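Here is the structure we will look at.
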Amino acid sequence: MTELRVAIRYETDMNPLYPKHYATRSLLALVYDTLFRVDHEGKIVPDLAKSITYDVATMTYRIQIDDGKTFHSGKKLTAQDVRASLLKTISIMTADLSDEEPTTDTENGETDTDRSTVKDEDNKLSMSYEDGAQFQASSFSFMTSLMKKEYRNIRQVSTEGSDVILIELHRPDPHVIGLLTFPIISESDVNLRSKNPITGSGTWQIVSTENGRLVTLERVEKGSGIRRISAKAFDAIDGAMQAFDDGEIDVLVLDSSETSLYADRTRIRKQRIDYPGYVSLYFRDDGLDSALLWRDYMIREIRSDSKGDQFAAPFDRALFPLLPGDSRLQNVPIPAYAIGDLPVLELPDDEPEPTETIDDAGAPTPVKPDTREPFVLLVPDGFTPYRLVENIGACASRLGRRFVPQYVSEEEWTNTLSNYSYDAALLIDTSHIFLDPVDYLDGLQDAGLFDWTEIVDAEDVFTLREAQHLVSLPEGSNLEKFSEITYAQTVSRVFSSLPVLGLAITETMVLYGNNVENTMSGSWYSPYENVEELVVWRP
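When you number the sequence shown by my numbering, it's gap-free, plus one each residue, and the end is 554.
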């Protein structure tokens, strides 16, 4: 067969600039080019951008784009299209931010917020998701919140001719290229909210949508192999999974929340892809020393557990917010910080018998009446890796505490974290480009949890910030001053000083039907890479 059947989630519109479910966005990545994209090592590399320079005096980036690119409609892609797509992206990303923040100026002197018709609800995913797939880590993520604020640092966007775009900043930010991975569509289409196809310039084009229920893509250059993709839209993951089980879907792409629900299914060929999401514990107390002490108690319990390596199942344990294969750490592991002798805890008389974490159900045995001091854990409402919560509860029980999970909505998340009526919080973070310690720590600082730059040495802060900029350096840049060993030791030293405990890097998953041969080579950013090389058999 030359046609591949896949599943997406039903969307309220097909404009790729507005939020989309991961399954839908992954497919649309085949259709729309970007200025920059993320490669397999997590580096930001040019896509439509041919060159980029920076003027220190004016704090302006000058980006030249591919002058020979056209949309599928035949219309030439110009810098004006890039500018319009960027302004709309800024408008969408900053729609729910305070007007006290800096705004973006246009060439006519208007502010982008003046021209925007974006409502707060437009910045959310379609409300049609009715099950566990409705949980989106970005709603609770401080990295995501900080990234949205960074868009406000763009003061003005203008063009020179048809192939140069100028981006002027309010303040210097060598990390700004990470904001330029948005899809590029025609200037005339940026405000469209329709289920009709919106033309792109990528290697695949949308030929029909059937009111958003069946989106059909065709390869621009036909060639051999898969030449057509039929994407059926589902309101919920359980419907998509049933269609996959019934043989109606050849390939099924799941987001990290859905992966946690279905990762253990057997007899299905699957491809698990590291995703830039990070699950961690933040320990709250009146003093840093007390918070660090309870963090160390928790580390000791996890390490002593016979199933400690499965503590964050179905995701892998990860102490630090760095994806495996990070280009800055190719050959050097990060030392796990040492836990010294800890004060002996006085356990209550009615403590239950010590129990090891059970991978299937780690909930501690209840004691009635339970007079133990409570261990209150804040959990994002809708969080789907349930076993992880139960395993944390088992550790708290072995430490002589009564486990009390408190589920908090996204609307109340930030406010609830700001008080002292809990012991720890399960933090769910996600990034749109890559995982980086600075993004994670700056997000916690911006949320008011703690200022990491006041806790660790200034030299370590400098080292981490310099390493952060490596992901957007041009190929061939001189990296002689960068030391993997120094960076690895700095990461370990910094996190040893902070009241946080890394638990897991999240994953996405691709399921392949029995009728599909070969495997796609994409990353989380674009899982459908080399989809044309799949071989599909049908009777």
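Each residue gets a CB set at the ideal place from its N, CA and C atoms; glycine is no exception.
Predicted, not measured: the structure shown is a model, and the values here were computed from it.
Check your understanding: In its own chain, which residues sit with a C-beta less than 6 Å from the C-beta of residue 290, not counting the 5 before and 5 after it?
Key -> Looking up residue 290 in the sequence shown gives position 275. For residue 290, where only same-chain residues beyond five positions count, the Cβ hits under 6 Å are 271, 521, 522, 523 and 539.
Check your understanding: Assuming residue 393 contacts residue 327 under a Cβ cut-off of 8 Å, what Cβ separation, rounded to an integer in Å, is found between them?
Key -> Along the sequence shown, one-based indexing puts residue 393 at 378. Along the sequence shown, one-based indexing puts residue 327 at 312. Not really, about 17 Å apart at Cβ, beyond 8 Å.
Review point. Distance, Cα to Cα, residue 25 vs residue 227?
Key: Translated into positions along the sequence shown, residue 25 becomes position 10. Translated into positions along the sequence shown, residue 227 becomes position 212. Their backbone Cα atoms lie some 7 Å apart in a straight line.
Check your understanding: With burial defined as no fewer than 16 other Cβ atoms inside 10 Å of the residue's Cβ, what is the status of residue 353: buried or exposed?
Key -> Position 338 of the sequence shown, counted from the start, is the residue given in the question as residue 353. Exposed is the call here.
Practice item. Rounded to whole angstroms, what's the CA-CA distance from residue 452 to residue 474? Just pull it up for me. Key: Translated into the one-based positions of the sequence shown, residue 452 becomes position 437. Translated into the one-based positions of the sequence shown, residue 474 becomes position 459. About 15 Å.
Check your understanding: If we ignore side chains and look at the alpha-carbon of each, how far apart do residue 32 and residue 103 end up?
Key -> Within the sequence shown, the letter at position 17 stands for residue 32. Within the sequence shown, the letter at position 88 stands for residue 103. The alpha-carbon atoms of residue 32 and residue 103 are separated by roughly 7 Å.
Review point. Which parts of the region 55 to 114 are runs of the alpha helix (DSSP H), unbroken and 4 residues or longer, counting only runs that do not cross its ends?
Key: 94 to 108
Check your understanding: At which residue ranges does the region 153 to 217 contain complete beta strand (DSSP E) runs of 3 or more residues, listed in the order of the chain?
Key -> 169 to 175 and 179 to 184
Exercise for review: Please report the Cβ distance between residue 399 and residue 303, rounded to the nearest whole angstrom; I am assuming they are in contact, meaning their Cβ atoms lie under 8 Å.
Suggested key: Taking the sequence shown and counting its residues from 1, the one referred to as residue 399 is at position 384. Taking the sequence shown and counting its residues from 1, the one referred to as residue 303 is at position 288. The pair is not a contact, with the Cβ atoms about 32 Å apart (cut-off 8 Å).
Check your understanding: Are there three or more Cβ pairs, one per stretch, closer than 8 Å when the region 190 to 204 is compared with the region 456 to 471?
Key -> no
Practice item. Out of 406, 414 and 401, state which residue places its alpha-carbon closest to the alpha-carbon of residue 387. Key: Taking the first residue of the sequence shown as 1, we reach residue 387 at position 372. Residue 414 is the option with its Cα nearest to residue 387.
Check your understanding: Whose CA, out of 205, 108 and 263, lies closest to the CA of residue 553?
Key -> The residue given as residue 553 occupies position 538 in the sequence shown. Looking at the Cα atoms, 263 is the closest of the given residues.
Review point. Does the region 544 to 551 come close enough to the region 235 to 246 to have 3 or more Cβ pairs within less than 8 Å?
Key: yes
Exercise for review: Would you identify the three-state DSSP class for residue 288, choosing helix, strand or coil?
Suggested key: Taking the first residue of the sequence shown as position 1, residue 288 is located at position 273. Three-state result, residue 288: strand.
**Study point:** Same chain, Cβ closer than 7 Å to residue 464, five either side skipped, listed in chain order
**Key:** As a position in the sequence shown, residue 464 is number 449, starting the count at 1. Once the five neighbours on either side are set aside, the close Cβ partners of residue 464 are 297 and 432.
Point to revise | Contact the region 251 to 258 vs the region 42 to 61: 3+ CB pairs below 8 Å | key: no
**Study point:** Cβ neighbours of residue 181 in the same chain (closer than 6 Å, five flanking residues each side left out)
**Key:** For the purposes of this step, residue 181 is taken as the residue at position 166 of the sequence shown. If we look at residue 181 and ignore the five residues flanking it on each side, its Cβ neighbours are 75, 77 and 173.
Review point. Going by other Cβ atoms of all chains shown within 10 Å of its Cβ, with 16 needed for buried, is residue 555 buried or exposed?
Key: Not covered by the structure: residue 555. The range shown for the chain is 16 to 554.
Practice item. Could you name the residues that DSSP lists as bridge partners for residue 517? Key: Mapped onto the sequence shown, residue 517 falls at position 502. Bridge partners of residue 517: 295.
Exercise for review: Please name the residue in 395, 348, 428 and 310 whose C-alpha comes closest to that of residue 355.
Suggested key: Locating residue 355 in the sequence shown gives position 340, where the first residue counts as 1. When each option's Cα is compared against that of residue 355, the closest is 310.
Exercise for review: Note down the Cα distance separating residue 482 from residue 343, rounded to an integer number of angstroms.
Suggested key: The sequence position of residue 482 within the sequence shown is 467, counting from 1. The sequence position of residue 343 within the sequence shown is 328, counting from 1. Answer to the nearest angstrom: the Cα atoms are 7 Å apart.
Practice item. Provide the residue span of the alpha helix (DSSP H) that contains residue 453, from first to last. Key: Residue mapping note: residue 453 aligns to position 438 of the sequence shown, counting from 1. Start and end: 452 to 461.
Review point. Can residue 519 and residue 331 be called in contact, C-beta distance under 9 Å?
Key: Locating residue 519 in the sequence shown gives position 504, where the first residue counts as 1. Locating residue 331 in the sequence shown gives position 316, where the first residue counts as 1. Result yes, Cβ atoms of residue 519 and residue 331 sit closer than 9 Å.
Review point. What residues are listed by DSSP as bridge partners for residue 444?
Key: Taking the sequence shown and counting its residues from 1, one reaches residue 444 at position 429. Answer by DSSP bridge pairing, in chain order: 293.
Review point. How long is the line joining the alpha carbons of residue 436 and residue 329, rounded to whole angstroms?
Key: Residue 436 sits at position 421 when you count from the first residue of the sequence shown. Residue 329 sits at position 314 when you count from the first residue of the sequence shown. Cα to Cα, residue 436 sits roughly 30 Å from residue 329.
Review point. Given that a residue counts as buried once 16 or more other Cβ atoms are within 10 Å of its Cβ, and exposed if not, what is residue 406?
Key: As a position in the sequence shown, residue 406 is number 391, starting the count at 1. Looking at its Cβ environment, which holds 16 or more other Cβ atoms inside 10 Å, residue 406 is buried.
Review point. Taking the C-alpha atoms as reference points, what is the distance between residue 105 and residue 96?
Key: Start at 1 with the first residue of the sequence shown, and residue 105 comes out as number 90. Start at 1 with the first residue of the sequence shown, and residue 96 comes out as number 81. Approximately 14 Å, taken between the alpha carbons.
Exercise for review: Output the distance between the C-alpha atoms of residue 244 and residue 224, rounded to the nearest integer angstrom.
Suggested key: Here the question's residue 244 lines up with position 229 in the sequence shown. Here the question's residue 224 lines up with position 209 in the sequence shown. When rounded, the distance between both Cα atoms is 12 Å.
Review point. In chain order, what residues of the same chain have a beta carbon less than 8 Å from the beta carbon of residue 486, not counting five sequence neighbours either side?
Key: Here residue 486 corresponds to residue number 471 of the sequence shown, with the count starting at 1. 57, 58, 59, 193, 342, 343, 448, 449 and 451, listed in sequence order.
Check your understanding: Beta carbon of residue 76: closer than 8 Å to some heavy atom of the ligand PLP?
Key -> Among the components of this structure there are no ligands whatsoever, and the ligand PLP is therefore not found.
Review point. Cα-Cα, which of 36, 150 and 201 is closest to residue 88?
Key: Taking the sequence shown and counting its residues from 1, the one referred to as residue 88 is at position 73. Among 36, 150 and 201, the Cα nearest to that of residue 88 is on 201.
Check your understanding: Which parts of the region 235 to 292 are runs of the alpha helix (DSSP H), unbroken and 4 residues or longer, counting only runs that do not cross its ends?
Key -> 252 to 260 and 271 to 277
Check your understanding: Thinking C-beta only, is residue 286 closer than 9 Å to residue 525?
Key -> Position 510 of the sequence shown, counting from 1, holds the residue named residue 525. Position 271 of the sequence shown, counting from 1, holds the residue named residue 286. Yes; because the gap between Cβ atoms is below 9 Å, this pair is in contact.
Check your understanding: Terminal residues of the continuous alpha helix (DSSP H) containing residue 412?
Key -> In the sequence shown, counting from the first residue as 1, residue 412 sits at position 397. First-last of the alpha helix (DSSP H) with residue 412: 401 to 413.
Practice item. Could you say which of 168, 110 and 203 lies nearest to residue 99 if we only look at CA atoms? Key: Looking up residue 99 in the sequence shown gives position 84. The shortest C-alpha separation from residue 99 is found at 203.
Review point. Using CA coordinates, which residue listed in 41, 155 and 390 is at the minimum distance from residue 292?
Key: Taking the first residue of the sequence shown as 1, we reach residue 292 at position 277. Closest option to residue 292, Cα to Cα, is 155.
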